[in-house]
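S.K.: Position one of the sequence shown corresponds to residue 64 (my numbering), numbered consecutively onward. By construction, the Cβ of each residue, glycine as well, lies at the ideal position given by its N, Cα and C atoms. Being a predicted model, the structure only gives us computed values, none of them experimental. Pasting a structure here, questions to come.
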Amino acid sequence: GPAEGKGGGKANMLRGRNSATSADEQPHIGNYRLLKTIGKGNFAKVKLARHVLTGKEVAVKIIDKTQLNSSSLQKLFREVRIMKVLNHPNIVKLFEVIETEKTLYLVMEYASGGEVFDYLVAHGRMKEKEARAKFRQIVSAVQYCHQKFIVHRDLKAENLLLDADMNIKIADFGFSNEFTFGNKLDTFCGSPPYAAPELFQGKKYDGPEVDVWSLGVILYTLVSGSLPFDGQNLKELRERVLRGKYRIPFYMSTDCENLLKKFLILNPTKRGTLEQIMKDRWMNVGHEDDELKPYMEPVPDYKDPRRTELMVSMGYTREEIQESLVGQKYNEVMATYLLLDHKSSELEESLALKPRAAPDLANSSGPSPAHKVQRSVSANPKRRVSDQGEPPPTPGS
64 GPAEGKGGGK ANMLRGRNSA TSADEQPHIG NYRLLKTIGK GNFAKVKLAR
114 HVLTGKEVAV KIIDKTQLNS SSLQKLFREV RIMKVLNHPN IVKLFEVIET
164 EKTLYLVMEY ASGGEVFDYL VAHGRMKEKE ARAKFRQIVS AVQYCHQKFI
214 VHRDLKAENL LLDADMNIKI ADFGFSNEFT FGNKLDTFCG SPPYAAPELF
264 QGKKYDGPEV DVWSLGVILY TLVSGSLPFD GQNLKELRER VLRGKYRIPF
314 YMSTDCENLL KKFLILNPTK RGTLEQIMKD RWMNVGHEDD ELKPYMEPVP
364 DYKDPRRTEL MVSMGYTREE IQESLVGQKY NEVMATYLLL DHKSSELEES
414 LALKPRAAPD LANSSGPSPA HKVQRSVSAN PKRRVSDQGE PPPTPGS
């Protein structure tokens, strides 16, 4: 398909995992073939990769631990801890954690549609109906975090991704924090145009209400294609946020304007909770039969016979499958099980499924072994960010 890298996709998929060619052409980590770089940060990059056992595409966040001081490392492990407990259709899902001496690999759901930010730059503002569909998903996901006592703290259009079907996937819990009421957080997080006024004043804050403000900024941005508060510099921006005044464009509906007024309230204690906001009129236009409700997590299914049998045929044992899932190990066994449930790529599953390689380590229940990772990763020539390429065309959505 169009998403396939160089080398005839299907044929490549069918070649044995340890065949001479595949390992030399493309670096591997664990059961993943690393493809192209899709994002770069200071100490991390994100690569598109393919899980060789199922053919599913994933995003692998590669973090150089040697570049992080102890407080950044703590932040990193907190991000991982948080990602492990979040299970919502509109939040990027974590599949596997692979750790070596110097590097941490987080294998996550790949959102092929890119950032909402780029979508707005390319297409301009959304009609309210489209904005509502997206915003219901965003509110559902953030409210779900809040009911688990997790604040995101860095909600902005750049952290809202789209999957192939244009569904929202919230990413980047690098700033998020588990909050307890009365335990004030005082780190300035996030991106200034989306930041709540109390953050500009250096006030201590509780948590959920800073996300609520950011959601107001996001709603405004979706519907208008521009930011409600902006400035040539931080000082100007700060003044505008603290004044709390923003323009209502002529085309914005009254219902939408009224909803914005529930988010963009200067006094954090007066801002609505997301549970209240879910009942708002604009949120539910066209959804009269299914008012937005807090997300209820389904009971996890660790005994799916279809996936279990497929994995047994790959060479996993029923015991290790159960052990990995019940223990939430985020190892290669759990990842394979989760990925089998994940939407299929164009490759029919039957073609893609491969027997696993014999495990190198006796204790297969530990974190995934990093197969020859040092060499593979460094063998990859330094890529410029420009090789991000187009996101693949959406298959008939």
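Return the bridge partner residues of residue 127 from the DSSP annotation.
M.R.: What you label residue 127 is simply residue 64 of the sequence shown in a count that begins at 1. Answer is 166.
S.K.: Can you give the Cα-Cα distance for residue 356 and residue 390, rounded to whole angstroms?
M.R.: Translated into positions along the sequence shown, residue 356 becomes position 293. Translated into positions along the sequence shown, residue 390 becomes position 327. The alpha-carbon atoms of residue 356 and residue 390 are separated by roughly 30 Å.
S.K.: If you follow the alpha helix (DSSP H) that residue 234 is in, where does it begin and where does it stop?
M.R.: For this step, residue 234 is matched to residue 171 along the sequence shown. Segment: none, residue 234 is in no alpha helix (DSSP H) and carries neither H nor E.
S.K.: Go ahead and pull the three-state DSSP assignment for residue 141.
M.R.: Translated into positions along the sequence shown, residue 141 becomes position 78. Helix at residue 141.
S.K.: Where does residue 393 sit, in a helix, a strand or coil, going by DSSP?
M.R.: Along the sequence shown, one-based indexing puts residue 393 at 330. In the structure shown, residue 393 sits in coil (DSSP, three-state: anything other than H, G, I, E or B).
S.K.: Go ahead and label residue 277 buried or exposed: buried means 16 or more other beta carbons lie within 10 angstroms of its beta carbon, across all protein chains shown.
M.R.: The residue given as residue 277 occupies position 214 in the sequence shown. Residue 277 should be labelled buried.
S.K.: Would you say the stretch 217-231 touches the stretch 179-187, given that touching needs at least three Cβ pairs under 8 Å?
M.R.: Touching, yes.
S.K.: Start and end of the alpha helix (DSSP H) containing residue 112?
M.R.: Counting from 1 along the sequence shown, the entry for residue 112 is found at position 49. Element bounds for residue 112: not the alpha helix (DSSP H) but the beta strand (DSSP E), 107-114.
S.K.: Specify the secondary structure class of residue 379 as computed by DSSP and reduced to three states.
M.R.: Numbered from 1 along the sequence shown, position 316 holds the residue referred to as residue 379. Coil, per DSSP.
S.K.: Between which two residues does the beta strand (DSSP E) harbouring residue 98 extend?
M.R.: Taking the sequence shown and counting its residues from 1, one reaches residue 98 at position 35. Segment 95-103, the beta strand (DSSP E) holding residue 98.
S.K.: With the cut-off set at 7 Å, would you say residue 322 and residue 343 are in Cβ contact?
M.R.: Position 259 of the sequence shown, counted from the start, is the residue given in the question as residue 322. Position 280 of the sequence shown, counted from the start, is the residue given in the question as residue 343. Result yes, Cβ atoms of residue 322 and residue 343 sit closer than 7 Å.
S.K.: Looking at the structure shown, is residue 122 part of a helix, part of a strand, or coil, going by DSSP?
M.R.: If you number the sequence shown from 1, residue 122 lands on position 59. Residue 122 falls in the strand class under three-state DSSP.
S.K.: Looking only at its chain, what residues have a beta carbon closer than 7 Å to the beta carbon of residue 136, apart from the 5 residues adjacent to it on each side?
M.R.: Position 73 of the sequence shown, counted from the start, is the residue given in the question as residue 136. Correct list, in chain order: 128.
S.K.: Hey, would you say residue 145 sits closer than 7 Å to residue 233, going by beta carbons?
M.R.: Indexing the sequence shown from 1 puts residue 145 at position 82. Indexing the sequence shown from 1 puts residue 233 at position 170. No, the Cβ-Cβ distance between residue 145 and residue 233 is not below 7 Å.
S.K.: State buried or exposed for residue 164, treating a residue as buried only when at least 16 other CB atoms are found within 10 Å of its CB.
M.R.: Residue numbering aside, residue 164 sits at position 101 when the sequence shown is read from its first letter. With fewer than 16 Cβ atoms within 10 Å of its Cβ, residue 164 is classed as exposed.
S.K.: Determine whether the beta carbon atoms of residue 324 and residue 335 lie at a separation below 7 Å.
M.R.: What you label residue 324 is simply residue 261 of the sequence shown in a count that begins at 1. What you label residue 335 is simply residue 272 of the sequence shown in a count that begins at 1. No. Outside cutoff.
S.K.: Give me whichever residues DSSP pairs with residue 160 in a beta bridge.
M.R.: Counted from its first residue, the sequence shown places residue 160 at position 97. Paired residue(s): 169.
S.K.: Would you kindly report the start and end of the unbroken alpha helix (DSSP H) that includes residue 218?
M.R.: Working through the sequence shown from its first residue, we reach residue 218 at position 155. Per DSSP, residue 218 belongs to no alpha helix (DSSP H) and is neither H nor E.
S.K.: Taking buried to mean at least 16 other C-beta atoms within 10 Å of its own C-beta, is residue 50 buried or exposed?
M.R.: Nothing can be reported for residue 50, as the shown portion of the chain is limited to 64 through 460.
S.K.: By how many angstroms is the C-alpha of residue 97 removed from the C-alpha of residue 90?
M.R.: In the sequence shown, residue 90 corresponds to position 27, counting from 1. In the sequence shown, residue 97 corresponds to position 34, counting from 1. Spanning the two alpha carbons is a distance of roughly 6 Å.
S.K.: Beta-carbon within less than 7 Å of residue 347's beta-carbon, same chain only, minus the 5 sequence neighbours each way: which residues are those?
M.R.: Residue 347 sits at position 284 when you count from the first residue of the sequence shown. Contacts found: 354 and 355.
S.K.: Express the C-alpha separation of residue 173 and residue 430 in angstroms, rounding to a whole number.
M.R.: Here residue 430 corresponds to residue number 367 of the sequence shown, with the count starting at 1. Here residue 173 corresponds to residue number 110 of the sequence shown, with the count starting at 1. Residue confidence for residue 430 is low, a pLDDT of 47 falling below 50, so the modelled location carries little weight; the figure read from the coordinates is stated next. Answer to the nearest angstrom: the Cα atoms are 21 Å apart.
S.K.: When the Cα of residue 17 is compared with those of 257, 230, 287 and 126, which residue comes out closest?
M.R.: As displayed, the chain neither begins before 64 nor continues past 460, which places residue 17 out of reach and without an answer.
S.K.: Rounding to the nearest angstrom, what Cα-Cα distance links residue 398 and residue 158 in this structure?
M.R.: Taking the first residue of the sequence shown as position 1, residue 398 is located at position 335. Taking the first residue of the sequence shown as position 1, residue 158 is located at position 95. Between residue 398 and residue 158, the C-alpha separation is close to 5 Å.
S.K.: Residue 331: buried (16+ other C-beta within 10 angstroms of its C-beta) or exposed?
M.R.: Along the sequence shown, read from residue 1 onward, the residue named residue 331 stands at position 268. It is buried - the Cβ of residue 331 has at least 16 other Cβ atoms within 10 Å.
S.K.: Considering only the alpha carbon of each residue, which of 201, 211, 125 and 401 lies closest to residue 103?
M.R.: Here residue 103 corresponds to residue number 40 of the sequence shown, with the count starting at 1. For the residues 201, 211, 125 and 401, the minimum Cα distance to residue 103 belongs to 125.
S.K.: For residue 130, I'd like the list of residues in its chain whose CB is within less than 7 Å of its CB, leaving aside the five on either flank, ordered along the chain.
M.R.: Position 67 of the sequence shown, counted from the first residue, corresponds to residue 130. Hits under 7 Å: 106.
S.K.: Residues in its own chain within less than 6 Å of residue 367 by CB, not counting five upstream and five downstream?
M.R.: As a first step, residue 367 is located in the sequence shown; it is residue number 304 there, counting from the start. Around residue 367: no qualifying Cβ.
S.K.: For the alpha helix (DSSP H) containing residue 179, name the first residue and the last one.
M.R.: Sequence index remark: in the sequence shown, residue 179 carries index 116 (1-based). Residues 179-186.
S.K.: If I measure Cβ to Cβ from residue 153 and keep anything under 8 Å in the same chain, skipping five residues before and after, which residues do I get?
M.R.: Here the question's residue 153 lines up with position 90 in the sequence shown. Contacts found: 200, 201, 203, 204, 230, 231, 232 and 233.
S.K.: Please tell me whether residue 227 and residue 171 are closer than 7 Å, where the distance is taken between their beta carbons.
M.R.: Along the sequence shown, read from residue 1 onward, the residue named residue 227 stands at position 164. Along the sequence shown, read from residue 1 onward, the residue named residue 171 stands at position 108. Contact flag unset, no.
S.K.: Identify, in the order they occur along the chain, each residue of the same chain with its Cβ nearer than 6 Å to the Cβ of residue 194, setting aside the five sequence neighbours on each side.
M.R.: By 1-based counting over the sequence shown, the position of residue 194 is 131. Closer than 6 Å at the Cβ level, and outside the excluded window around residue 194, lie 285 and 286.
S.K.: I need the straight-line Cα distance from residue 119 to residue 186, nearest angstrom please.
M.R.: As a first step, residue 119 is located in the sequence shown; it is residue number 56 there, counting from the start. As a first step, residue 186 is located in the sequence shown; it is residue number 123 there, counting from the start. Taking the straight line joining both Cα atoms gives about 29 Å.
S.K.: I'd like to know whether the C-beta atoms of residue 305 and residue 255 end up nearer to each other than 7 Å.
M.R.: Your numbering for residue 305 matches position 242 in the sequence shown. Your numbering for residue 255 matches position 192 in the sequence shown. In this structure, residue 255 does not lie closer than 7 Å to residue 305 by Cβ.
S.K.: Just the C-alpha distance for residue 379 and residue 387, rounded to the nearest angstrom, thanks.
M.R.: Counting from 1 along the sequence shown, the entry for residue 379 is found at position 316. Counting from 1 along the sequence shown, the entry for residue 387 is found at position 324. Their backbone Cα atoms lie some 11 Å apart in a straight line.
S.K.: Below 8 Å on the Cβ atoms is my contact criterion, and I expect residue 402 with residue 373 to pass it. Report the Cβ-Cβ distance as a whole number of Å.
M.R.: By one-based count along the sequence shown, residue 402 stands at place 339. By one-based count along the sequence shown, residue 373 stands at place 310. Not a contact, Cβ separation roughly 11 Å.
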